[in-house]
Amino acid sequence: MHHSILHHHPPHGLGSRAEDPDHAYDTLSLESSDSLETSVSTGNNSACSPDNMSSASGMEVGKIEEMEKMLKEAHAEKSRLMESREREMELRRQALEDERRRREQLERRLQDETAQRQKLVEKEVKMREKHFSQARPLTRYLPIRKEDFDLKLHIESSGHSVDTCCHVILSEKMCKGYLVKMGGKIKSWKKRWFVFDRMKRTVSYYVDKHETKLKGVIYFQAIEEVYYDHLRSAAKKGLFNLSLANQLADILPTRFRREAAPAAHGEHGSQE
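Note that full-length UniProt numbering gives residue 50 to position 50 of the sequence shown, counting from 1, and the numbers run on in steps of one.
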């Protein structure tokens with residue numbers, strides 16, 4: 001290879017300006033130029049070499065495989081989420097079904113208990129109606145606590161004819177008459193003269209109407225209840241009981257029967 005040096009000469013006629021160092025032209029070596037072209041040509045040939053193309057193709061394949069892997073993972077995650085959601089919906093549906101069955105069982109049990117209770121009530125009502133004649137009724141007379149209460153007027157206005165009972169003494173504050181009382185120690189019926197006194201607030205009974213021999217005293221505050229005993233009235237007509245705080249007194253009216261019963265009930269008399 002021949003090497004030559006090319007010199008660039010300035011144009012003729014420029015004079016001293018041509019000798020100015022700042023405007024001097026560089027010289028270019030042909031060898032240097034050939035070397036530069038060879039380097040450029042070699043560089044371009046190395047970029048398009050089979051090795052470089054194979055490397056680029058491998059990178060593209062790796063990227064595609066990575067994208068396929070990510071896509072598969074996304075599909076797998078989606079499938080997992082859908083299965084999880086389906087399981088939750090199935091569990092919720094099962095829970096609702098169990099709750100519905102439980103409510104149906106409770107409703108059936110409630111209906112059965114209601115029907116059973118209704119049968120018991122009907123049976124009780126029938127038994128009550130069957131034994132109504134022997135059952136003890138509610139007390140008809142309630143206490144009257146008025147200070148100006150007229151006992152005689154009240155008994156007469158209730159429909160009791162006291163004038164036909166010669167052995168009954170009745171006034172505004174007092175009622176007296178014979179009653180037959182069951183004895184305390186010796187269980188036998190004894191005829192006694194009873195005095196119902198609203199002033200002294202006592203029910204006293206004597207051997208006779210002369211009131212000389214006192215046999216007993218019942219204070220109003222000790223009387224809890226007075227009622228007719230219908231269970232034993234068949235044998236002893238008109239029998240009524242005085243329920244006391246510490247004992248029970250059985251009393252059988254004589255001639256005045258019901259006329260004396262209202263007077264024996266209540267602390268200050270009674271009203272129907």
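Don't be surprised by glycine CBs; every beta carbon is placed ideally from N, CA and C.
For Gly183, three-class secondary structure by DSSP
In the sequence shown, residue 183 corresponds to position 183, counting from 1. DSSP places Gly183 in coil when its eight states are reduced to three.
Quick test of your reading: Met174 and Phe196, contact by CB under 8 angstroms. State the CB separation rounded to the nearest angstrom.
Within the sequence shown, the letter at position 174 stands for residue 174. Within the sequence shown, the letter at position 196 stands for residue 196. About 6 angstroms; that satisfies the 8 angstroms criterion.
Residue span of the beta strand (DSSP E) that contains Ser204, given as start and end:
Working through the sequence shown from its first residue, we reach residue 204 at position 204. That run of the beta strand (DSSP E) goes Thr202 to Tyr206.
Following the continuous alpha helix (DSSP H) through Leu151, name the residue where it begins and the one where it ends.
Position 151 of the sequence shown, counted from the first residue, corresponds to residue 151. Residues Leu151 to Ser157.
First and last residue of the uninterrupted beta strand (DSSP E) at Phe220
By one-based count along the sequence shown, residue 220 stands at place 220. Run containing Phe220: none; DSSP gives neither H nor E here.
Taking Leu151 as the reference, which of Leu170, Thr164 and Arg92 has the closest Cα?
Taking the first residue of the sequence shown as 1, we reach residue 151 at position 151. Among Leu170, Thr164 and Arg92, the Cα nearest to that of Leu151 is on Leu170.
Quick check on DSSP: helix, strand or coil for Asp148?
Locating residue 148 in the sequence shown gives position 148, where the first residue counts as 1. The answer is coil: DSSP assigns Asp148 none of H, G, I, E or B.
What number of angstroms, rounded off, separates the C-alpha of Phe220 from the C-alpha of Arg198?
Residue mapping note: residue 220 aligns to position 220 of the sequence shown, counting from 1. Residue mapping note: residue 198 aligns to position 198 of the sequence shown, counting from 1. Cα to Cα, the separation comes out at about 9 angstroms.
Taking the C-alpha atoms as reference points, what is the distance between Trp189 and Gly183?
Sequence index remark: in the sequence shown, residue 189 carries index 189 (1-based). Sequence index remark: in the sequence shown, residue 183 carries index 183 (1-based). Near 6 angstroms, if we compare the C-alpha coordinates of Gly183 and Trp189.
Across which residues does DSSP place Asp197 in a beta bridge pair?
Residue numbering aside, residue 197 sits at position 197 when the sequence shown is read from its first letter. In DSSP, Asp197 forms a bridge with Met174 and Thr202.
State the Cα-Cα distance for the pair Glu88 and Arg80, rounded to the nearest angstrom.
To locate residue 88, count along the sequence shown from 1; it is residue 88. To locate residue 80, count along the sequence shown from 1; it is residue 80. Approximately 12 angstroms between the Cα atoms of the pair.
Which partner residues of Gly225 appear in the DSSP bridge assignment?
The residue you call residue 225 lines up with position 225 of the sequence shown. The question names Gly, but residue 225 in the sequence shown is Glu. Per DSSP, Ser243.
Between the alpha carbons of Glu267 and Arg117, how many angstroms are there, rounded?
Position 267 of the sequence shown, counted from the start, is the residue given in the question as residue 267. Position 117 of the sequence shown, counted from the start, is the residue given in the question as residue 117. With a pLDDT of 42 at Glu267, under the threshold of 50, the modelled position of this residue cannot be trusted, and the question is left open.
Please list, in chain order, all residues of the same chain as Met127 whose beta carbon is under 7 angstroms from its beta carbon, the five residues on each side excluded.
What you label residue 127 is simply residue 127 of the sequence shown in a count that begins at 1. There are no such residues.
I'd like the list of long-range same chain contacts for Thr202, defined as Cβ closer than 6 angstroms, with 5 residues on each side in sequence excluded.
Here residue 202 refers to the residue found at position 202 when the sequence shown is read from its first residue. Correct list, in chain order: Val217 and Tyr219.
Would a check of beta-carbon distances place Lys209 closer than 9 angstroms to chain B?
In the structure shown, chain B cannot be found, because there is only a single protein chain.
In this structure, what does DSSP give as the bridge partners for Leu214?
The residue you call residue 214 lines up with position 214 of the sequence shown. According to DSSP, which records beta bridges pairwise, Leu214 is partnered with Tyr206.
Inspect the beta-carbon positions of Lys181 and Tyr206 and report whether they are closer than 9 angstroms.
One-based indexing of the sequence shown puts residue 181 at position 181. One-based indexing of the sequence shown puts residue 206 at position 206. Not in contact: Lys181 and Tyr206 (Cβ atoms no closer than 9 angstroms).
Cα-Cα separation, Val168 to Ser243:
As a working mapping, residue 168 is identified with position 168 in the sequence shown. As a working mapping, residue 243 is identified with position 243 in the sequence shown. Val168 and Ser243: Cα-Cα distance of roughly 23 angstroms.
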